[in-house]
Amino acid sequence: MKQIFLILFMIFFHLKTFGQEDSLFFSTDSIEFKSENKFWKNLKYDVTSIAGGTLNGFTQPVRWEKDDFVILGATTAGLSILYLADEESSRFFRNQSDDIPGAIKEFGWVFGRPEANYSLTAGVYLLGLITDNEKIRETGVLLVTSSVIGGIAQQTMKTVVGRGRPDLEKGSNQFRLFRGGHAYGSFPSGHTILTTTTIYALSKQFESPWIKAGLYTVGMVTPISRLWAGAHWLTDVTLSLVMSVAIVEGVDNFLKRKKRYSYQDSETELLMNNHRKIQWNLTLGPGTIGFLGHF
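Using the numbering used here, the first residue of the sequence shown is number 779, and each one after it goes up by one.
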């Protein structure tokens, strides 16, 4: 009788275990299916955020208030004063070029290239999308949207204004309106806009003044390198810096005003997250090393 009971117990235990394994596989498939759906859902949501932020950026001037026009007037006045010193300041920076290490000038030129800039911004966004990190996703959306607005704005302005570059040696008053071209694409500085929007957007993610200062220092290499190279006038670079800050602030305010991203850090949400996935931690002990999973 005991043998029969033992056999029945083993059969029942085997079926129970098999059922649990089957349930586990089903649950895993369900989680993977939900994760895949969430990936595309997040991507669609972020593309909508980028489109909305871009549209808001180009239509923002129609919603300007008195303070905005005061800032515009102050910026215009400041640029007008700098314009008088464009040729003298250009000679000053170009005379310094030979004393600057080639690696620094090369870094400034490469970092402001669209290929490098777009690779960085896309990389940040994809990291947030793949890891399902909402904070990094929002940073990526801020970077991408700012780059899109800055890229379109500077290309349009280059063509419309058509200002001659310093290395043409024809002075700061050379313009080919609505024709542009490389030699007449000085205003504004595309390298400066792409670099500054990226650096400024990244700096907004940190509270430490030391980190911000470090990012700003790196970000200023590109604008100054364009002055060393005689590719832009001081007013071109200055306006590009102002534009970049305004673009990033506009996109950031749009995302916050519309509450596009809200970080769920409540205990309930954290508990739900812990149930949905295994958290792996590196563990160390006497003579042992390994990974410990919590679920």
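Beta carbons are placed, not taken as given, at the ideal position from N, Cα and C, and that holds for glycine.
- Message: Here's a check: name, in chain order, each residue in its chain whose Cβ is nearer than 8 Å to the Cβ of Ser-925, leaving out the five neighbours to either side.
- Response: One-based indexing of the sequence shown puts residue 925 at position 147. Excluding five sequence positions before and after Ser-925, the CB atoms of its chain that fall closer than 8 Å to its own CB belong to Asn-895, Tyr-896, Thr-899, Leu-972, Thr-975, Thr-976, given in chain order.
- Message: Spatial neighbours of Trp-1011 within its chain, please: C-beta separation below 7 Å, excluding the five flanking residues on both sides.
- Response: Against the sequence shown, residue 1011 aligns to sequence position 233. So the list reads Asp-864, Ser-868, Pro-944, Ser-950, Ser-964, once near-sequence residues are dropped.
- Taking the CB atoms as reference points, tell me whether Ser-827 and Arg-1035 lie closer together than 8 Å. For this step, residue 827 is matched to residue 49 along the sequence shown. For this step, residue 1035 is matched to residue 257 along the sequence shown. Contact: no.
- Message: What does the alpha-carbon distance come out to for the pair Phe-885 and Ala-1007?
- Response: To locate residue 885, count along the sequence shown from 1; it is residue 107. To locate residue 1007, count along the sequence shown from 1; it is residue 229. Near 13 Å, if we compare the C-alpha coordinates of Ala-1007 and Phe-885.
- Span of the alpha helix (DSSP H) holding Pro-987? As a first step, residue 987 must be located in the sequence shown, where it is residue number 209. Here the alpha helix (DSSP H) through Pro-987 covers 987 to 1006.
- Using only the heavy atoms of the ligand SAH, determine whether one of them is closer than 7 Å to the beta carbon of Gly-906. Questions concerning the ligand SAH fall outside what the structure shown contains, since it holds no ligand whatsoever.
- Task: Kindly indicate which residue of Lys-819, Asp-1014, Tyr-903 has the alpha-carbon position closest to the one of Met-935.
- Result: By one-based count along the sequence shown, residue 935 stands at place 157. Among Lys-819, Asp-1014, Tyr-903, the Cα nearest to that of Met-935 belongs to Asp-1014.
- Message: Taking only three categories from DSSP, how would you classify Arg-941?
- Response: Start at 1 with the first residue of the sequence shown, and residue 941 comes out as number 163. It is a strand residue.
- Query: So the alpha helix (DSSP H) Lys-948 belongs to, where does it begin and stop?
  - Reply: As a position in the sequence shown, residue 948 is number 170, starting the count at 1. Where Lys-948 is concerned, there is no enclosing alpha helix (DSSP H), given that its DSSP letter is neither H nor E.
- Over what stretch of residues does the alpha helix (DSSP H) that includes Asp-737 continue unbroken? Limits of the chain in this structure are 779 at one end and 1073 at the other, which puts residue 737 out of reach.
- Item | Straight-line Cα distance separating Ser-1040 from Lys-990 | Counted from its first residue, the sequence shown places residue 990 at position 212. Counted from its first residue, the sequence shown places residue 1040 at position 262. Lys-990 and Ser-1040: Cα-Cα distance of roughly 24 Å.
- Task: Work out the CA separation of Pro-879 and Tyr-994 for me, nearest whole Å.
- Result: As a first step, residue 994 is located in the sequence shown; it is residue number 216 there, counting from the start. As a first step, residue 879 is located in the sequence shown; it is residue number 101 there, counting from the start. Distance between the alpha carbons of Tyr-994 and Pro-879 is about 20 Å.
- Return helix, strand or coil for Leu-862, following the three-state DSSP convention. On the sequence shown, residue 862 is found 84 positions in, with the first residue counted as 1. Residue state, collapsed to three classes: coil.
- Message: Measuring straight from C-alpha to C-alpha, what distance separates Leu-904 and Asn-873?
- Response: The sequence position of residue 904 within the sequence shown is 126, counting from 1. The sequence position of residue 873 within the sequence shown is 95, counting from 1. Their Cα atoms are separated by approximately 42 Å.
- Excluding the five sequence neighbours on either side, which residues of its own chain have a C-beta within less than 6 Å of the C-beta of Ala-849, listed in chain order? The sequence position of residue 849 within the sequence shown is 71, counting from 1. Here the sequence assigns Ile to residue 849, which means Ala is not the residue at that position. No residues qualify anywhere along the chain.
- Check Lys-982 in the structure and name its three-state DSSP category. For the purposes of this step, residue 982 is identified with residue 204 of the sequence shown, where counting begins at 1. Lys-982: coil per DSSP, three-state reduction.
- Message: Below 8 Å on the Cβ atoms is my contact criterion, and I expect Ser-1003 with Trp-887 to pass it. Report the Cβ-Cβ distance as a whole number of Å.
- Response: On the sequence shown, residue 1003 is found 225 positions in, with the first residue counted as 1. On the sequence shown, residue 887 is found 109 positions in, with the first residue counted as 1. The Cβ separation is near 6 Å, so the contact holds.
- Message: Using 8 Å as the threshold, is the C-beta distance between Arg-1117 and Asp-845 below it?
- Response: Since the first and last residues shown for the chain are 779 and 1073, residue 1117 lies out of range.
- Message: I believe Leu-921 touches Ala-979 by the beta-carbon criterion, under 8 Å. Please report the beta-carbon distance rounded to the nearest angstrom.
- Response: Within the sequence shown, residue 921 is the residue found at index 143, counting from 1. Within the sequence shown, residue 979 is the residue found at index 201, counting from 1. Confirmed, about 5 Å.
- Item | Assigned secondary structure, Ser-967 (DSSP; H/G/I helix, E/B strand, else coil) | Along the sequence shown, read from residue 1 onward, the residue named residue 967 stands at position 189. Residue state, collapsed to three classes: coil.
- Item | Spatial neighbours of Glu-866 in its chain, beta-carbon cut-off 7 Å, leaving aside the 5 residues before and after | Counting from 1 along the sequence shown, the entry for residue 866 is found at position 88. Taken in chain order, the list of residues that qualify is empty.
- Query: Going by Cα to Cα distance, which pick from Val-1026, Asp-876, Gly-968 is closest to Pro-764?
  - Reply: Since the first residue shown for the chain is 779 and the last is 1073, residue 764 is missing from the structure and cannot be characterised.
- For the putative contact between Gly-929 and Arg-957, defined by C-beta atoms under 8 Å, what is the C-beta separation to the nearest angstrom? Taking the first residue of the sequence shown as 1, we reach residue 929 at position 151. Taking the first residue of the sequence shown as 1, we reach residue 957 at position 179. So it is not a contact: roughly 20 Å between Cβ atoms.
- Item | Alpha carbon of Thr-923 to alpha carbon of Asn-911, nearest angstrom | Here the question's residue 923 lines up with position 145 in the sequence shown. Here the question's residue 911 lines up with position 133 in the sequence shown. Each residue's Cα considered, the two are about 18 Å apart.
- Query: Given Phe-871, which residues of its chain have a CB within under 6 Å of its CB, disregarding the five upstream and five downstream residues?
  - Reply: On the sequence shown, position 93 is the one that residue 871 refers to. Counting only Cβ-Cβ distances below 6 Å, and skipping sequence neighbours, we find Leu-1005, Trp-1006.
- Task: Kindly indicate which three-state DSSP category Asn-911 falls into: helix, strand or coil?
- Result: On the sequence shown, position 133 is the one that residue 911 refers to. The answer is coil: DSSP assigns Asn-911 none of H, G, I, E or B.
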